[in-house]
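Undergrad:
Residue numbers (the working numbering): 21 to 990.
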């Protein structure tokens with residue numbers, strides 16, 4: 021699944037379907053299997069129902085008995101699904117009770133592996149029809165006799181339909197289980213759900229899906245685990261003015277009559293054998309643009325009609341073919357399907373989802389308008405498409421056995437998405453941008469004592485909320501970082517060869533991460549690559565223990581040491597490590613302008629005399645940050661590096677200029693170097709024009725602003741940053757002809773935004789006047805927005821911060837009327853920038869009204885408000901007061917709730933705030949869901965912040981004051 025900025029998981033709300041069960045009797049659906057590739061047909065004998073006597077009643081439940089099979093969250097291994105035949109009829113209009121529903125039936129063919137008198141299959145929030153008092157019907161196939169049903173019930177805590185039989189199923193025999201059901205087509209963004217949008221003043225409903233990780237069971241009863249792969253035959257019944265899509269190509273739709281209503285029945289070819297979480301189906305009135313490249317793969321980009329007519333899908337269509345071709349070459353494996361549908365949905369919880377053959381996206385992740393979308397929007401579209409297409413092989417064709425290895429799917433797709441995007445846009449230098457976008461950020465998370473390893477034991481990840489918690493930055497970004505490191509030290513060619521044999525051996529099956537290590541090892545051996553240990557021995561230390569090392573190099577003696585890096589060195593690490601927090605570290609390094617060298621650190625300490633330096637030499641390690649570790653040096657080398665940055669910074673590679681800044685600031689937070697040393701790494705920035713060093717410095721200084729923007733440190737800090745950024749602001753003023761042109765280089769376009777944003781926030785002369793003038797011109801002529809798309813987010817935010825209710829109301833109006841999702845996102849963020857508390861409180865209330873702020877955007881909006889110093893205490897009070905409502909209506913199982921806690925508590929740095937956090941934890945015990953680990957991280961971070969502020973406030977104030985008052989230039 022693509023990150024949503026990536027991204028929250030499917031939210032879960034309580035469905036109210038019991039009361040509407042009678043609607044199931046409206047239809048009678050009898051399914052005829054498609055034996056070859058003939059069309060599936062659904063017959064409707066009468067509107068009264070099939071001849072089997074049945075009634076729909078409230079679902080019976082029985083209390084759980086400890087240690088019974090249905091009390092476990094993992095399915096028993098006695099049954100294995102072979103195929104499903106599922107027919108669904110979503111209603112795109114509310115019923116008499118005001119509810120949107122879907123009705124359906126499902127037949128699953130399964131094989132009995134070991135004798136059992138129990139069928140356990142997932143079912144969640146479905147109202148099942150009873151047949152002779154039971155919730156299912158069982159039939160034996162190929163001569164097998166089906167036992168009679170003894171008892172059936174729904175085990176709600178573990179989300180099962182349980183069928184107890186009068187006698188045992190026989191090993192080796194096949195059976196089919198039939199169920200009929202009604203569910204709510206809710207707006208909860210999970211399972212089979214509804215999305216809403218308005219076009220030409222008409223409200224329209226889309227029925228769509230998000231199954232990952234555990235919500236296929238909300239659409240129909242199924243064996244809902246990734247290893248339970250099967251073939252799916254899908255039929256959708258839908259209104260005449262709509263189209264139906266699913267993973268496979270459809271047969272020709274046919275018109276059918278249901279009572280007095282004429283509908284369309286669309287059946288689809290059987291899918292490849294696949295996991296339930298990859299299943300998708302959509303009913304909508306969208307249209308598409310498409311092409312059929314020479315390779316024969318049909319590519320279609322689906323979206324709202326106006327979006328397609330305006331050409332918003334053209335960029336995605338243009339890049340999908342080349343990215344698919346890149347991955348076919350990279351994997352040395354043809355694309356496994358005959359079509360690739362990609363659809364942009366108005367409401368979607370994640371960034372995107374890799375459903376096999378029907379990838380679903382947020383509109384911002386698929387649609388692009390060159391007149392309105394920024395270069396960042398364009399990059400997001402390219403990388404998310406590449407991420408999802410990478411999954412078509414790695415994740416879909418070959419699937420990890422259980423969610424504990426989610427990191428392998430998502431970390432891999434994140435890493436290679438930069439390779440795919442780099443192929444599609446070779447001038448963007450995407451292979452470098454992974455450092456900023458993924459690696460630097462996740463290192464801050466993984467440096468906490470409350471972090472977690474990439475891979476866990478299967479038995480530790482069982483409940484849906486435990487699975488949802490794994491969809492975090494460790495899984496995506498650290499996973500990408502360590503795989504990038506692995507590809508670096510064995511070479512990309514060898515890495516690609518190992519992937520090819522891995523995919524060939526395990527296609528249409530499931531694996532564990534060791535299977536990949538074995539295939540990469542074979543490729544390493546065949547290529548003659550020399551490693552100190554096997555791939556498995558090296559890499560297990562990076563995935564089976566949390567965190568990463570800081571490597572300290574003494575350039576006087578050449579001594580090298582490593583230890584577990586923690587932002588708060590006084591914190592207690594409760595999680596034991598099988599390797600005692602020691603890593604096998606691949607170190608690349610260079611001294612002065614000499615050639616790159618490679619060294620393996622195999623123990624806690626070692627000596628490499630080649631790393632000892634003469635007085636006039638300097639050394640940089642971890643070139644281009646290919647290794648997932650931080651680097652510290654002896655004080656003499658730090659001084660030489662600072663001197664080199666001051667005299668001729670271009671001699672140090674640009675990524676390492678960013679790394680020096682990031683390492684120094686984080687080492688200072690860990691009390692390994694002085695804070696003033698970290699601050700000194702920013703002194704060369706007055707002559708730096710490259711994006712990566714500036715962006716890294718900005719992020720690290722942002723921590724200082726977060727800690728001190730309510731204290732006397734703020735003024736001198738602002739003055740220093742203004743002094744440093746003014747030359748950058750002047751640089752872009754010159755090369756853009758006074759902000760009227762766009763720089764050609766991709767990262768220069770980003771750095772232009774940095775210059776404007778920091779320039780206005782620190783009071784660079786003329787900056788605020790510039791942006792408020794642009795915004796005022798737009799207010800005077802709303803139909804003609806001349807603000808550069810790249811600059812809009814910064815301009816909107818700065819203008820609203822400088823303005824009042826008039827500007828806010830105008831931006832709100834533009835937000836509500838925006839027809840391009842990326843433009844709406846920029847305005848949604850800007851609305852949080854106002855300095856008026858009452859407007860921020862009003863905006864917070866809007867977050868709980870889906871008519872004003874879509875559910876998919878509520879978490880982000882609250883976090884945006886909390887990032888505003890004025891909004892932070894308002895947001896914290898708001899979520900404390902509304903937590904129960906937010907949790908229940910917006911889905912405690914959604915991992916975006918972890919982001920909510922993280923964002924709202926980022927500024928906490930006092931004992932009072934720490935006690936508030938503890939009280940929040942106590943008050944909401946049992947109602948934290950996927951925010952549980954984020955709350956622990958927030959507590960740990962707050963304690964570290966308290967100590968850091970106490971220790972550093974005076975010296976930081978003194979340093980900024982001294983630098984600001986200094987008459988000499990930096």
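By construction, the Cβ of each residue, glycine as well, lies at the ideal position given by its N, Cα and C atoms.
Quantities reported herein were computed from a predicted structural model and do not represent experimental measurements.
(1) May I ask which residues mark the beginning and end of the beta strand (DSSP E) holding residue 420?
(2) Just the Cα atoms here: how many angstroms apart are residue 135 and residue 97?
(3) How long is the line joining the alpha carbons of residue 552 and residue 599, rounded to whole angstroms?
(4) Less than 8 angstroms between the beta carbons of residue 674 and residue 712, yes or no?
(5) Going by DSSP, what residues sit across from residue 991 in a beta bridge?
(6) For residue 215, I'd like the list of residues in its chain whose CB is within less than 7 angstroms of its CB, leaving aside the five on either flank, ordered along the chain.
(7) Residue 755: buried (16+ other C-beta within 10 angstroms of its C-beta) or exposed?
(8) What are the partner residues of residue 360, as DSSP defines its beta bridges?
(9) Would you mind listing the beta strand (DSSP E) stretches within the stretch 138-209 that are 3+ residues and don't spill past its ends, in chain order?
(10) For residue 952 and residue 247, I'd like the C-alpha separation in whole angstroms.
(11) In the stretch 492-572, which residue ranges form an unbroken alpha helix (DSSP H) of at least 4 residues, counting only runs that do not cross its ends?
(12) So, helix, strand or coil for residue 737, using DSSP?
(13) If contacts are defined as beta-carbon pairs under 8 angstroms, then residue 850 and residue 820 qualify, I think. What distance do you get, rounded to the angstrom?
(14) Whose CA, out of 968, 243, 922 and 903, lies closest to the CA of residue 931?
(15) Can you grab the Cα-Cα spacing for the pair residue 722 / residue 716, in whole Å?
(16) Let me confirm a value: residue 618 is counted as buried when at least 16 other C-beta atoms fall within 10 Å, else exposed. Which label applies?
(17) Classify residue 664: buried if its beta carbon has 16 or more other beta carbons within 10 angstroms, exposed otherwise.
(18) Distance, Cα to Cα, residue 954 vs residue 868?
(19) Which ranges does the beta strand (DSSP E) cover as unbroken runs of at least 3 residues, wholly within the stretch 370-402, from first to last along the chain?
(20) Got a sec? Which residues, its chain only, sit under 6 angstroms from residue 522 by beta carbon, not counting five neighbours each side?
(21) Would the C-beta of residue 779 count as close to the ligand GTP, meaning under 7 angstroms from any of its heavy atoms?
(22) Could you tell me which of 889, 875 and 844 sits nearest to residue 854, measuring between CA atoms?
(23) Please classify residue 799: does DSSP put it in a helix, a strand, or coil?
(24) Starting from the N-terminal side, write out each stretch of the alpha helix (DSSP H) that is 4 residues or longer and does not extend beyond the stretch 862-924.
(25) Taking the straight line between their C-alpha atoms, what separation do you get for residue 431 and residue 370?
(26) Roughly how many angstroms separate the alpha carbons of residue 90 and residue 159, rounded to a whole number?
(27) CB residue 494 to CB residue 465, shorter than 8 angstroms?
(28) Among the candidates 423, 223, 283 and 296, whose CA atom is the shortest distance from the CA of residue 324?
(29) Mapping DSSP to helix, strand and coil, what is residue 682?
(30) Can you look up residue 307 in the DSSP assignment and give me helix, strand or coil?
(31) For residue 505, which residues from the same chain have a beta carbon less than 8 angstroms from its beta carbon, with the 5 sequence-adjacent residues on both sides left out?
(32) Could you tell me the alpha carbon to alpha carbon distance between residue 304 and residue 289, rounded to whole angstroms?
(33) Considering Cα atoms alone, identify which of 707, 759, 976 and 690 is closest to residue 670.
(34) Quick one: give me the first and last residue of the beta strand (DSSP E) that residue 639 is part of.
(35) Contact check, residue 124 vs residue 150 under 8 angstroms by CB: the rounded distance?
(36) What did DSSP end up calling residue 579 once you bin it into helix, strand or coil?
TA: Looking at the coordinates:
(1) 418-420
(2) 11 angstroms
(3) 17 angstroms
(4) yes
(5) Residue 991 falls outside the range modelled here, since the chain spans only 21 to 990, and no answer is possible.
(6) 226, 228, 365, 366 and 367
(7) exposed
(8) 319
(9) 146-148, 157-160, 169-175, 180-189 and 194-204
(10) 27 angstroms
(11) 499-510, 512-526, 533-547 and 555-563
(12) helix
(13) 5 angstroms
(14) 968
(15) 10 angstroms
(16) exposed
(17) buried
(18) 22 angstroms
(19) 378-382
(20) 536 and 539
(21) Among the components of this structure there are no ligands whatsoever, and the ligand GTP is therefore not found.
(22) 889
(23) helix
(24) 875-887, 891-910 and 916-924
(25) 16 angstroms
(26) 22 angstroms
(27) yes
(28) 223
(29) helix
(30) strand
(31) 562, 606, 646, 647 and 648
(32) 19 angstroms
(33) 707
(34) 639-641
(35) Between residue 150 and residue 124 the Cβ distance is about 16 angstroms, and since that is not below 8 angstroms, they are no contact.
(36) strand
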